[in-house]
Amino acid sequence: MKSEDLSSELMETPCPVCESKNTKVTQKIMDLPHFPQMWFFNLTCSDCLYKYNDFINLSIKNPMRYIYHAENEEDYTTKIIRAANGTIRFPQIEAMIEPGPNATGFVSNIEGILRDIQGKVRFLLADAETQKERQKIVEYISMLDVYIDENKPIDIVVEDPFGNSTIIPADSTKLETIKLSEEEAQKLKSGFIVFEGLKDN
Ligand SMILES: [Zn+2]
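Going by numbering that gives the first Met the number 0, the sequence shown opens with residue 0, and the numbers climb by one from there.
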């Protein structure tokens, strides 16, 4: 992963949360496999510890959808770059990470994102209102264990109206790259992490 350090171009940016000027901004351009010219931006506030990351793909400006069909251990190491406006979906497990007002970018792999979802679902246990709802959550957590431990086949869909989020495939033959129409791009929602299957209605 080649990267070009732009630290010499540090800007003075106040913290968006506490307005402190004690912030450190790092930005660099990384050349990733299949994705040249990815601009990475990070802001850290030394007063309130707020952190913000984002990515801008300088080579693609179109709304994009990437689908990776993971089916083995190596596939689970596929890297995901999620920019602040990116949506991540796992259709088989009905999980979705949508951009929200506090969304920042991150880099992770498929296993890491599934573990993160699992951790967030665990938090839902405390708010479960009925035994049935609690049971569904417990089952969902064990189902994720099966995916993670056995590298069960799973599709990951990454969509971004500005083409800034991407998938860096472990095996490029398993990656689908689709340019979205304006109409499809407008349908991309913004919100929070949604677990459609877990509500006990
Ligand atoms: Zn701050």
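Quick reminder that beta carbons are idealized off the backbone N, C-alpha and C, glycines included.
If you're wondering where the values come from, they're calculated on a predicted model, not measured in any experiment.
- Judged by pairs of C-beta atoms under 8 Å, the region 31-48 does not touch the region 127-134, as fewer than three such pairs exist.
- Ala169 carries a coil assignment under DSSP once its states are collapsed to helix, strand and coil.
- When DSSP states are grouped into helix, strand and coil, Lys135 belongs to the helix group.
- Counted as a single uninterrupted DSSP element, the alpha helix (DSSP H) harbouring Ile109 occupies residues Ile109 to Leu123.
- Between Tyr75 and Ala82, the CB-CB gap reaches or exceeds 8 Å.
- The region 89-98 makes no contact with the region 169-177; the number of CB pairs closer than 8 Å stays below 3.
- Shown here, Pro35 sits in a strand according to DSSP, grouped into three states.
- The C-alpha of Phe39 is placed about 25 Å away from the C-alpha of Phe89.
- Contact annotation: Asn41 and Asn56 have beta-carbon atoms that are not nearer than 8 Å.
- When the alpha-carbon of Ile166 is set against those of Asp148, Glu18, Pro32 and Thr129, the nearest one is in Pro32.
- In the three-state reduction of the DSSP assignment, Tyr65 falls in the strand class.
- In the DSSP annotation of this structure, Ala184 is not part of any beta strand (DSSP E); the continuous alpha helix (DSSP H) holding it starts and ends at Glu181 to Lys186.
- Look at Tyr75 here: in three-state DSSP terms it is helix.
- Restricting attention to Ile87, Gly85, Lys60 and Asn21, the CA atom closest to the CA of Gln36 is found in Lys60.
- The criterion of a C-beta distance shorter than 8 Å is satisfied by Tyr139 and Val120.
- The beta carbon of Phe161 sits closer than 6 Å to the beta carbons of Asn84 from its chain, once the five residues preceding and following it are set aside; these are given in chain order.
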